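S.K.: Pasting a structure here, questions to come.
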Amino acid sequence: PVLVVDYGAQYAQLIARRVREAQVYSEVVPHTTSVDDMLAKDPAAIVLSGGPASVYAEGAPSVDPALFETGVPVFGICYGFQLMASALGGTVAHTGDREYGRTELQVTEAGRLHGDIPEAHPVWMSHGDGVTAAPEGFTTTASSPGAPVAAFEDVDRRLAGVQYHPEVGHSPHGQLVLERFLRDVAGIRPDWTAANIVEETVEAIRAQVGPSGRAICGLSGGVDSAVAAALVQRAIGDRLTCVFVDHGLLREGERGQVERDFVAATGVDLVTVDAEEVFLRELADVVDPEEKRKIIGREFIRSFEGAARDLAEGEGVDFLVQGTLYPDVVESGGGTGAANIKSHHNVGGLPDDLQFSLVEPLRALFKDEVRAVGAELGLPESIVQRQPFPGPGLAIRIIGSVSADRLATLRRADAIAREELTAAGLDRTIWQCPVVLLADVRSVGVQGDGRTYGHPVVIRPVSSEDAMTADWTRVPYETLERISTRITNECAEINRVVLDVTSKPPGTIEWE
Ligand code: XMP
8 PVLVVDYGAQ YAQLIARRVR EAQVYSEVVP HTTSVDDMLA KDPAAIVLSG GPASVYAEGA
68 PSVDPALFET GVPVFGICYG FQLMASALGG TVAHTGDREY GRTELQVTEA GRLHGDIPEA
128 HPVWMSHGDG VTAAPEGFTT TASSPGAPVA AFEDVDRRLA GVQYHPEVGH SPHGQLVLER
188 FLRDVAGIRP DWTAANIVEE TVEAIRAQVG PSGRAICGLS GGVDSAVAAA LVQRAIGDRL
248 TCVFVDHGLL REGERGQVER DFVAATGVDL VTVDAEEVFL RELADVVDPE EKRKIIGREF
308 IRSFEGAARD LAEGEGVDFL VQGTLYPDVV ESGGGTGAAN IKSHHNVGGL PDDLQFSLVE
368 PLRALFKDEV RAVGAELGLP ESIVQRQPFP GPGLAIRIIG SVSADRLATL RRADAIAREE
428 LTAAGLDRTI WQCPVVLLAD VRSVGVQGDG RTYGHPVVIR PVSSEDAMTA DWTRVPYETL
488 ERISTRITNE CAEINRVVLD VTSKPPGTIE WE
């Protein structure tokens, strides 16, 4: 793999994705990983990410200079670029010229990375310190107003770096520069394609489950569990049984989508468990979001265990398939010890007495890769392009406790919003659009001839590439108007529709 060393900024995962978009497999590793441990992974190249610290600050994360003696190609970005410069004898100084945001890069020497790109072009910068002298053997290839050395390379030693962030969309030539490093400097062949991912994953599943092991897979209706199930089915055929737990927290039409569309596409063996009663009983009066998640995670597994017991009758189902994605793994601290922001129920909330071994065929994949794999496996568009929906379902979109009535109200409002957004052709523009019921808030309204005292719903359309960051989507007023009018007309309990215009950060996408 290409290892992306995480220096603590939000950017490491994004860099890893960009490397994958160049069709090269990548993994994020913490900056505390020793050079020996990195070498043990047989890296094709190493990318040092950006980070919030100053290279010279006390306790600032550093790089072992031995890394540059290993012969492994290294690319430094922002903080990683400065670390590289100072480890190899260049100078990093507090230039006094902070640059934050869009800056113009001046290419001073084409070099291997910046040839054939406009000599002056915009890049995204975020730094206080700057490299003032490149290390010996390096050619400085670009500068910017606040960074006299904004890019350098030593093609013979296969080392290079840039002060700017090539991984963000605001650096329009960044992806090309990254690809050139991987291809033309590091000499890596791009072979991380959907077909190869399927092949490798199917092999790995067969190895894990063995020749006679049986597996059970929970379908949530989402793309992740569908693709995970389809991969496992490809690997072990009818030794896989899919279980769909209808926990009563689903959106309108979702049960039918699983029972009809997915089964039609895969021919998989499917069992549906009616668990609404249990979930609603366990969730009654629970208001705390993390508690909701823990209960749902626990009951979800319990439902599986029950189904597995019924199914296996002595033969035993040993494996549980989960659609855990790479960002979940990293966010839950599996990657870098990053703060556990929300305990995603499919990673953090497993009960201690779990009786299955987990099969997680998507554990190394980003969302867009999951979709590509789904298409490769022949799943229909309606499943592959489905917008994300959280495992805990509508329970974390009711602010307050969960009840059947509240769920029915929210389900209808959500269906209306989705219908209108689809009708407006916005499905691809919008990453997802939670509709949130503020069940404990009431406001006065006037509907028909009388005064009402109802609840607001929040519409939260967001645009995102990976759910790590998001911006609120500028939905046309006419569409918002239709959503608002229809919801207040058709949902008796609701007399107000409000729009969430918060980006992430600071807000998360979901309200809980
Ligand atoms: P946040 O709210 O953290 O959401 O910005 C990021 C993405 O994750 C989804 N999400 C969840 N998915 N279990 C899930 O499977 C959860 O507990 C959970 N919480 C949030 C959310 O819908 C968004 O796509």
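Reading the sequence shown from the start, the letters are residues 8 to 519 in UniProt numbering.
Here a beta-carbon is modelled for each residue, glycine too, at the ideal position from N, C-alpha and C.
Since we're looking at a predicted model, the values are computed, not measured.
(1) So which of F82, L185, E160 and S69 has the shortest CA-CA distance to G144?
(2) Mapping DSSP to helix, strand and coil, what is E160?
(3) Report yes if the CB atom of R105 is closer than 8 Å to the CB atom of G135, and no otherwise.
(4) So, helix, strand or coil for K48, using DSSP?
(5) Can you tell which of F82, E376, E283 and A29 has the C-alpha that lies nearest to the C-alpha of V409?
(6) Give a single yes or no on whether G398 has its beta carbon closer than 7 Å to a heavy atom of ligand 1.
(7) Sorted by chain position, which residues of the same chain lie with C-beta nearer than 6 Å to A272's C-beta, five sequence neighbours on each side aside?
(8) Alpha carbon to alpha carbon, what distance is there between L287 and E298?
(9) For the alpha helix (DSSP H) that R25 lies in, which residues bound it at each end?
(10) The beta strand (DSSP E) that contains I223, what's its start and end?
(11) Who are the near neighbours of V508 in its chain, counting only those whose CB is closer than 6 Å to its CB and skipping five residues on each side?
(12) By Cβ distance, which residues of its chain are closer than 6 Å to A345, with the 5 residues on each side in sequence left out?
(13) When the Cα atoms are used, what is the spatial distance from A371 to D421?
(14) Measure the C-alpha to C-alpha separation of G356 and F326 and round it to an integer number of angstroms.
(15) Quick check on DSSP: helix, strand or coil for S310?
(16) Relative to ligand 1, is the shortest distance from any of its heavy atoms to the C-beta of A424 smaller than 7 Å?
(17) Going by Cα to Cα distance, which pick from G168, A167, L166 and L185 is closest to V175?
(18) If you run the structure through DSSP and keep just helix, strand and coil, what is S133?
(19) Quick check: is any heavy atom of ligand 1 less than 7 Å from the C-beta of A402?
(20) Near V26, what residues of its chain come up, given a Cβ to Cβ distance below 6 Å and the 5 sequence neighbours on each side ignored?
(21) Use the C-beta contact count for G78: other C-beta atoms within 10 angstroms, 16 or more gives buried, fewer gives exposed.
(22) In terms of residue numbering, what span does the alpha helix (DSSP H) encompassing I490 cover?
(23) For a cutoff of 8 Å on Cβ pairs, would you count S389 as touching chain B?
(24) Take S491 and list the residues in its own chain whose beta-carbon comes closer than 6 Å to its own, dropping the five residues that flank it on each side.
(25) With a CB to CB cut of under 7 Å and the five nearest residues on each side skipped, what residues in its chain are close to R119?
(26) T139 to Q170, Cα distance in whole Å?
(27) Is E472 near ligand 1, judged by its Cβ being under 7 Å from some heavy atom?
(28) CA-CA distance, T476 and L183?
(29) Output yes or no for whether 8 Å exceeds the beta carbon distance between V443 and R404.
(30) What are the residues that DSSP puts in a beta bridge with E106?
(31) I need the boundaries of the alpha helix (DSSP H) containing L414, first residue and last residue.
(32) Tell me whether T459 sits in a helix, a strand or coil according to DSSP, three-state version.
(33) So the candidates are C440, G194 and Q454; which of them puts its Cα closest to the Cα of E517?
M.R.: Considering the structure as presented:
(1) On the sequence shown, position 137 is the one that residue 144 refers to. Minimum Cα distance to G144 is reached at E160.
(2) Mapped onto the sequence shown, residue 160 falls at position 153. DSSP places E160 in strand when its eight states are reduced to three.
(3) Indexing the sequence shown from 1 puts residue 105 at position 98. Indexing the sequence shown from 1 puts residue 135 at position 128. In contact: R105 and G135 (Cβ atoms closer than 8 Å).
(4) Here residue 48 is taken as the residue at index 41 of the sequence shown, counted from 1. Of the three classes helix, strand and coil, the one that applies to K48 here is coil, per DSSP.
(5) Within the sequence shown, numbered from 1, the residue matching residue 409 stands at position 402. If we check each option's Cα against that of V409, E283 comes out closest.
(6) As a working note, residue 398 is residue 391 in the sequence shown. True, at least one ligand heavy atom lies under 7 Å from that Cβ.
(7) Within the sequence shown, residue 272 is the residue found at index 265, counting from 1. Here the set comprises L386 and P387.
(8) For the purposes of this step, residue 298 is identified with residue 291 of the sequence shown, where counting begins at 1. For the purposes of this step, residue 287 is identified with residue 280 of the sequence shown, where counting begins at 1. Roughly 14 Å separates the two Cα atoms.
(9) Taking the first residue of the sequence shown as 1, we reach residue 25 at position 18. Element bounds for R25: Y18 to E28.
(10) As a position in the sequence shown, residue 223 is number 216, starting the count at 1. Segment A222 to L226, the beta strand (DSSP E) holding I223.
(11) Stepping through the sequence shown from its first residue, residue 508 is reached at position 501. Only W479 meet the Cβ criterion.
(12) The residue you call residue 345 lines up with position 338 of the sequence shown. Because A345 carries a pLDDT of 35, less than 50, the predicted location of this residue cannot be relied on, and the following value inherits that uncertainty. Counting only Cβ-Cβ distances below 6 Å, and skipping sequence neighbours, we find nothing.
(13) Your numbering for residue 371 matches position 364 in the sequence shown. Your numbering for residue 421 matches position 414 in the sequence shown. Their Cα atoms are separated by approximately 32 Å.
(14) The count along the sequence shown starts at 1 and reaches residue 356 at position 349. The count along the sequence shown starts at 1 and reaches residue 326 at position 319. Here G356 scores only 43 on pLDDT, less than 50, and its place in the model should not be relied on; the value that follows carries that caveat. Cα to Cα, the separation comes out at about 18 Å.
(15) Here residue 310 refers to the residue found at position 303 when the sequence shown is read from its first residue. Correct three-state label for S310: helix.
(16) As a position in the sequence shown, residue 424 is number 417, starting the count at 1. Checking every heavy atom of ligand 1 against the Cβ of A424, none is found closer than 7 Å.
(17) Looking up residue 175 in the sequence shown gives position 168. Ranking the options by Cα distance to V175, first place goes to L185.
(18) What you label residue 133 is simply residue 126 of the sequence shown in a count that begins at 1. Note: S133 maps to strand in three-state DSSP.
(19) For the purposes of this step, residue 402 is taken as the residue at position 395 of the sequence shown. Result no, Cβ not under 7 Å from ligand 1.
(20) Start at 1 with the first residue of the sequence shown, and residue 26 comes out as number 19. If we look at V26 and ignore the five residues flanking it on each side, its Cβ neighbours are V9 and S33.
(21) Mapped onto the sequence shown, residue 78 falls at position 71. The residue in question, G78, is exposed, as its Cβ has fewer than 16 Cβ neighbours within 10 Å.
(22) The residue labelled residue 490 in the question sits at position 483 within the sequence shown. Start and end: Y484 to E497.
(23) No chain B appears in this structure, which consists of one protein chain only.
(24) Working through the sequence shown from its first residue, we reach residue 491 at position 484. Only V504 meet the Cβ criterion.
(25) Within the sequence shown, numbered from 1, the residue matching residue 119 stands at position 112. E160, V162, R187, D191 and V192, listed in sequence order.
(26) As a position in the sequence shown, residue 139 is number 132, starting the count at 1. As a position in the sequence shown, residue 170 is number 163, starting the count at 1. Approximately 11 Å between the Cα atoms of the pair.
(27) Here residue 472 is taken as the residue at index 465 of the sequence shown, counted from 1. No.
(28) Counting from one through the sequence shown, the residue named residue 476 turns up at place 469. Counting from one through the sequence shown, the residue named residue 183 turns up at place 176. Taking the straight line joining both Cα atoms gives about 23 Å.
(29) Counting from 1 along the sequence shown, the entry for residue 443 is found at position 436. Counting from 1 along the sequence shown, the entry for residue 404 is found at position 397. In contact: V443 and R404 (Cβ atoms closer than 8 Å).
(30) Residue mapping note: residue 106 aligns to position 99 of the sequence shown, counting from 1. According to DSSP, which records beta bridges pairwise, E106 is partnered with H134.
(31) Your numbering for residue 414 matches position 407 in the sequence shown. Per DSSP, L414 belongs to the alpha helix (DSSP H) from A411 to A430.
(32) What you label residue 459 is simply residue 452 of the sequence shown in a count that begins at 1. Three-state result, T459: strand.
(33) On the sequence shown, residue 517 is found 510 positions in, with the first residue counted as 1. When only C-alpha atoms are compared, the closest one is C440.
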